[in-house]
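2 protein chains.
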Amino acid sequence: MLSLKHLSISSFNENIAYIHKDCNAYKVDDVSSLTKVEIHGGMKPIYAFLQIVDDEDIVQPTEIGLNNEAFEKINIPEGANVSMTIAPSAPSLVSIKRKINGNILNAGEYSSIINDITSHRYSNMDIASFLVASGSFMIAPEVLALTESLIGENTFHWDNENIVVDFHCLGGVPGNKTDIIIAAIVAAYGLPMPKTAAPSLTSCSGVADTFSVLANVNLDENKFKSIVKDHRAAIANYNSLPIAEASKTIASVERHLGLLQNQHLAASILAIKIAAGVTHLVLDIPVGPTSRIKSTTEAMRLRKLIEYVGDMLSIEIDVVITDGSEPIGNGIGSVLEARDIMKILRNKPDAPQDLLEKSLFLAGRVLEFDPQLRGGQGYVVAKEILSSGRALDAMNKIIYAQGKASQPKLGHLTRDIVATQSGVVESIDNTRINKIGVLAGAAQYAGAGLDLLKKVGDTVEQGETLYRIHSVNSTDFAFANSVVDGNTGYEINTKGVY
Amino acid sequence: MLSLKHLSISSFNENIAYIHKDCNAYKVDDVSSLTKVEIHGGMKPIYAFLQIVDDEDIVQPTEIGLNNEAFEKINIPEGANVSMTIAPSAPSLVSIKRKINGNILNAGEYSSIINDITSHRYSNMDIASFLVASGSFMIAPEVLALTESLIGENTFHWDNENIVVDFHCLGGVPGNKTDIIIAAIVAAYGLPMPKTAAPSLTSCSGVADTFSVLANVNLDENKFKSIVKDHRAAIANYNSLPIAEASKTIASVERHLGLLQNQHLAASILAIKIAAGVTHLVLDIPVGPTSRIKSTTEAMRLRKLIEYVGDMLSIEIDVVITDGSEPIGNGIGSVLEARDIMKILRNKPDAPQDLLEKSLFLAGRVLEFDPQLRGGQGYVVAKEILSSGRALDAMNKIIYAQGKASQPKLGHLTRDIVATQSGVVESIDNTRINKIGVLAGAAQYAGAGLDLLKKVGDTVEQGETLYRIHSVNSTDFAFANSVVDGNTGYEINTKGVY
Chain A
1 MLSLKHLSIS SFNENIAYIH KDCNAYKVDD VSSLTKVEIH GGMKPIYAFL
51 QIVDDEDIVQ PTEIGLNNEA FEKINIPEGA NVSMTIAPSA PSLVSIKRKI
101 NGNILNAGEY SSIINDITSH RYSNMDIASF LVASGSFMIA PEVLALTESL
151 IGENTFHWDN ENIVVDFHCL GGVPGNKTDI IIAAIVAAYG LPMPKTAAPS
201 LTSCSGVADT FSVLANVNLD ENKFKSIVKD HRAAIANYNS LPIAEASKTI
251 ASVERHLGLL QNQHLAASIL AIKIAAGVTH LVLDIPVGPT SRIKSTTEAM
301 RLRKLIEYVG DMLSIEIDVV ITDGSEPIGN GIGSVLEARD IMKILRNKPD
351 APQDLLEKSL FLAGRVLEFD PQLRGGQGYV VAKEILSSGR ALDAMNKIIY
401 AQGKASQPKL GHLTRDIVAT QSGVVESIDN TRINKIGVLA GAAQYAGAGL
451 DLLKKVGDTV EQGETLYRIH SVNSTDFAFA NSVVDGNTGY EINTKGVY
Chain B
499 MLSLKHLSIS SFNENIAYIH KDCNAYKVDD VSSLTKVEIH GGMKPIYAFL
549 QIVDDEDIVQ PTEIGLNNEA FEKINIPEGA NVSMTIAPSA PSLVSIKRKI
599 NGNILNAGEY SSIINDITSH RYSNMDIASF LVASGSFMIA PEVLALTESL
649 IGENTFHWDN ENIVVDFHCL GGVPGNKTDI IIAAIVAAYG LPMPKTAAPS
699 LTSCSGVADT FSVLANVNLD ENKFKSIVKD HRAAIANYNS LPIAEASKTI
749 ASVERHLGLL QNQHLAASIL AIKIAAGVTH LVLDIPVGPT SRIKSTTEAM
799 RLRKLIEYVG DMLSIEIDVV ITDGSEPIGN GIGSVLEARD IMKILRNKPD
849 APQDLLEKSL FLAGRVLEFD PQLRGGQGYV VAKEILSSGR ALDAMNKIIY
899 AQGKASQPKL GHLTRDIVAT QSGVVESIDN TRINKIGVLA GAAQYAGAGL
949 DLLKKVGDTV EQGETLYRIH SVNSTDFAFA NSVVDGNTGY EINTKGVY
């Protein structure tokens, strides 16, 4: 038996146990690399990776240390007696080997995999294996089975609401934060919209990141529910809500690997929305040569898949395929995106028109879930709600209810990227722009990003600014500068001028 | 700038950096999950995973702690000034995404992947992704490129030796430790055999594990070379030698995942042998319905692949396909296997004849690499060397030179698995026997394992012992007992009796 010690170390979702190299209860020579152990003493065994310590200030030979993640899970006080055994590998790993070998897994297998992930029997390596193995191909019933497993046990119920709406965009287009504007319009209209937003996986800023510039997004279940009840909408970082736990663990590995397959993304989005109690969802798939989804064929295939899963799980989904050929709005990065959003809600004349129009169009689609609204009238109603200032009022109430954020500053290190020739902006490369923004620090710092002063179709004079890089620290600034000169992401058509 | 502190924590090959949550130099809020950082201050930057600490006894806000692995690599004293940046992801991860999407990677891509693994730019998750992505299919030139990359920069050269031999078995058959007997015979004959042995990946015991019961296997380069020079053979755990570093890192992930694809295995074996300076290799592929390689077709495909890679890299390989239908020898697990080996070398009448005969046959194949030996004479020469006691003498000298081990005891917790009916042993399931052995603790404890008293073709009376389980601790013993009753791994044909 060893005495439990809490070591205040956060390891980002991985349980770690520390024993001394002269551990009284365990012969360390027998411990091989990457050993996973089962620790007994709490209500149920927890699983952790073992690390060996040679410093009695950290753990003594009579102790076992647990990091924050593991200590929270074992849920017994320091000093309690615990024992440890080598953990047998998770039974469902057999299914992952079957998937590597090209097999189709059944619903029971997906359920076991997700259960093992939820109970932390999978290491991050195991999760990576699952993602890669299933990433090469999954048939529709597999995506359905994965979605169903990801929903988890805890789901939200919205009493007395027949229709609970949400909106989600599949991503791949920088700046494109219609979500927050749509939420404001829908709230003002009166449909309940409990928006679960994700932080960035591979982009400069996720919806949760952008909204965190304006309001606290880490809402617990009660607060989230009460704000939706009082104000018809709330926008929470879904990580703060007790739903779809396995998909959070999976997302942390996806984020690390920079790996995001369409089928995993579809399963994860639908699972989160269903767990949040959403009954009607508008899903935006932007298509463009440099967007996540590159062709209409690919978008259509994904739409059919999503509709199939949605129908099987009884969630009404309106999949909208939109133009993802260039960034939407001017700002890319949390602070700049929040600026664009507030300009639109405030009806400012210099608000980005593309973001404004797209938001109205999509908000209209959400509003049309209301059986009382005449078909085709959504856009007009949305426009009226926005221009009358009711959307801004609704947003201000939501921000106030969630807690106003201490708005971070825009990065003070700037560089203007200028046109080397006069002409017309012919194209803007989403992938390239996202990469420059990420290197400038946008995925790490709210204040970093790119401010696009010119968009496709704009005429530019030689020397005129195309966009401005903002960085918060000099390392990121140097990174962005070192790549931007090779390829700015902008193509200028000079023919019209010469 | 932060002050460097060494935290004596071993994390099995992963570099970890610890900063305080109130870190003076870094805003912890900006650190997202599974963040990899680049630490500057040593000769070249090192990469590490970041963990956040809230305990000044571990690290203070002015410090950065590094675990053993990272501290050894940065190679500067405690108290030195270091700085930290978020690490951009390894450039070669793009190739892994290409592989996931079904592409064939070129030699340059394999080389970049292995370089990034060697310089610890890959996390274990990234390595898992690589293994799974490339595990579903690799064409022969890819296996060649991987092998070439895995060889690494440091290779051994054996001056004045035209022929440097080794033997390797692909595994999958419990007990089958011909390697050590072959080394003794080859050493006595006089061919140089610098045997690089691996610890168990998925089996009850690897060659390095079994030999560690008899001698110290952790030899450094100088000692390994001088023993081969003086005694013509040495058997070292290849992890102790400075060769093929990336394959060690990869093996630690394979061991954790329990995932071992033929093409990775072939590339890794050949790379290690070539790096060790081996010019002539006998490679045993045991085939059987419950062995790693299940059919002659599969074995032939693998043989062609190995011959192709060997030819391209100028190593002479004699691939021998052998009978892998049941365990070889009586002992399974390090102590029991070492017992069998010593019985054979000592010409004991109760030595297991199958292990003896197979060792002589394969040793003969190795000896026939000697141009002076008449074709077909290898077996006879090997048999004479063994029966004359010269192999035992050679082995004793090697053991003495490497350092005699303090032989661990056989596990004292035992259970006899008995025949429930009289008859003839019809089959023994390698996979099942290996699983029961691993559960009994054999992969962790040298003294755990199974002692097979009956083999295929033996007659048994009802109640007679088929095999004996040995465990070192009661948890493992209980594990083994809990599964063995469902399926002992033995099939008894009772027809001949009734």
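Here the protein sequences come in this chain order: A and B. Residue numbers 1 to 498, in this note's numbering, belong to the letters of the first sequence in order. Residue numbers 499 to 996, in this note's numbering, belong to the letters of the second sequence in order. All C-beta atoms in this analysis are idealised placements derived from N, C-alpha and C, irrespective of residue type, glycine included.
Taken through DSSP and simplified to helix, strand or coil, residue 456 of chain A comes out as coil. Cβ-Cβ distances below 7 Å link residue 204 of chain A to 174, 332, 333, 434, 437, 438, 442, 443, 449 in the same chain, with the five nearest sequence neighbours on each side left out; the list follows chain order. Look at residue 369 of chain A here: in three-state DSSP terms it is coil, with no helix or strand label. Listed along the chain, the chain A residues whose CB falls inside 7 Å of the CB of residue 708 of chain B amount to none; the nearest CB is some 15 Å away.
Interface annotation for the segment 654-667 of chain B against chain A: empty, criterion Cβ-Cβ distance under 7 Å. Segment contact: the segment 167-185 of chain A against the segment 407-426 of chain A, fewer than three CB-CB distances shorter than 8 Å; contact not assigned. Put simply, the backbone Cα of residue 979 of chain B is about 49 Å away from that of residue 222 of chain A. Residue 121 of chain A: not part of any alpha helix (DSSP H); DSSP gives it neither H nor E.
Two segments are said to touch when three or more pairs of C-beta atoms, one from each, lie closer than 8 Å; by this definition the segment 629-646 of chain B does not touch the segment 719-739 of chain B. Taking 7 Å as the cut-off, the Cβ atoms of residue 585 of chain B and residue 662 of chain B do not count as close. Against residue 688 of chain B, chain A offers no close residue; the least beta-carbon distance is about 36 Å (beta-carbon pairs closer than 7 Å).
A residue is called buried once 16 or more other Cβ atoms fall within 10 Å of its Cβ, and residue 544 of chain B is buried on that count. Residue 561 of chain B and residue 521 of chain B have their alpha carbons spaced roughly 8 Å apart. Between residue 670 of chain B and residue 863 of chain B the beta-carbon gap is near 19 Å, outside 8 Å, which marks them as no contact. The beta carbon of residue 623 of chain B falls within 7 Å of a beta carbon belonging to chain A, placing the residue at that interface. Within chain A, the C-beta atoms nearer than 8 Å to that of residue 755 of chain B come from 93, 125, 126, 129, in chain order. Taking a cut-off of 8 Å for Cβ pairs, the segment 131-145 of chain A and the segment 255-267 of chain A touch, as three or more such pairs fall below it.
Rounded to the nearest angstrom, the Cβ distance from residue 565 of chain B to residue 500 of chain B is 15 Å, too far for a contact under 8 Å. Taking C-beta separations shorter than 6 Å and ignoring five residues to either side along the sequence, the partners of residue 477 of chain A in its chain run 413, 471, following chain order. The residue from A/295, A/176, A/495 with its alpha-carbon nearest to that of residue 421 of chain A is A/495. Beta bridge pairing from DSSP links residue 6 of chain A with A/66. For residue 645 of chain B, the enclosing alpha helix (DSSP H) has its first and last residue at 638-649. Residue state for residue 896 of chain B is assigned as helix, using DSSP reduced to three classes. Taking 7 Å as the cut-off, the beta carbon of residue 401 of chain A is found no closer than this to the beta carbon of residue 185 of chain A.
Within a 10 Å sphere around the beta-carbon of residue 114 of chain A sit 16 or more other beta-carbons, which makes this residue buried.
Taking a Cβ-Cβ threshold of 7 Å, the residues of chain A close to residue 555 of chain B are 57, in chain order. Taking C-alpha positions only, residue 199 of chain A is separated from residue 337 of chain A by approximately 14 Å. For residue 431 of chain A, there is no enclosing beta strand (DSSP E); the enclosing alpha helix (DSSP H) has its first and last residue at 430-439. Comparing C-alpha distances from residue 849 of chain B to each of B/718, B/884, B/821 shows the shortest one belongs to B/884. Cα atoms of residue 339 of chain A and residue 631 of chain B: separation of roughly 41 Å, rounded to the nearest angstrom. Distance between residue 695 of chain B and residue 218 of chain A, taken at the CA atoms: about 53 Å.
DSSP, read as helix, strand or coil, puts residue 47 of chain A in strand.
The beta strand (DSSP E) runs of length 3 or more contained entirely in the segment 159-198 of chain A are, from start to end of the chain, 165-169, 193-197. In summary, no residue of the segment 712-724 of chain B has a CB separated from any CB of chain A by less than 8 Å. Judged by DSSP secondary structure, residue 838 of chain B falls within the alpha helix (DSSP H) whose first and last residues are 832-843. Close to chain A, meaning a Cβ-Cβ distance shorter than 8 Å, are the following residues of the segment 735-753 of chain B: 750, 751, 753.
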